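Trainee:
Residue numbers (this note's numbering): 10 to 160.
#1: Assess contact between the stretch 81-100 and the stretch 117-131, defined as three or more Cβ pairs (one per stretch) separated by less than 8 Å. Is contact present?
#2: Return the first residue and the last residue of the alpha helix (DSSP H) that residue 117 is part of.
#3: Going by C-alpha to C-alpha distance, which of 93, 120, 146, 131 sits closest to residue 80?
#4: What three-state label does DSSP hand residue 138 in the structure shown?
#5: Do residue 9 and residue 92 have their C-beta atoms within less than 7 Å of each other?
#6: Please report the distance separating the alpha-carbon of residue 44 from that of residue 119.
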């Protein structure tokens, strides 16, 4: 049973993960063009790294960093599991996909009036996804005990 159903289950898990990230990042779903236009919104995003963490307490800023890392960590693990890369260049493609997804999710937050986009969140999300991609073979080796995992 599991041999035939593993791939659809992995795709459903990845779709659920992407839906959760959309829900977390884009609530309340009322997109609007920033006052200065798209270019001004993008330059504001890139202007000052860590700007969201300046006004927060140390604990809340730490929780925010951990949340950004772990959200894409599990997405990276799901992506590597679904795409099943065979060579190191396939792993690099997985990493590029995670970085592009992180950038896309953060960039679209610039169009939500109640949310702000930050380049730092993109960096943390991308790092979390890449770490998830890199740790997936060890996770499989320890918990699944399979022999054909690329290191």
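By construction, the Cβ of each residue, glycine as well, lies at the ideal position given by its N, Cα and C atoms.
Keep in mind that this is a model prediction, so the values were computed, not measured.
Mentor: So, from the data block:
#1: no
#2: 97-118
#3: 131
#4: helix
#5: The structure shown does not extend to residue 9, since the chain is modelled only from 10 to 160, so the question has no answer here.
#6: 11 Å
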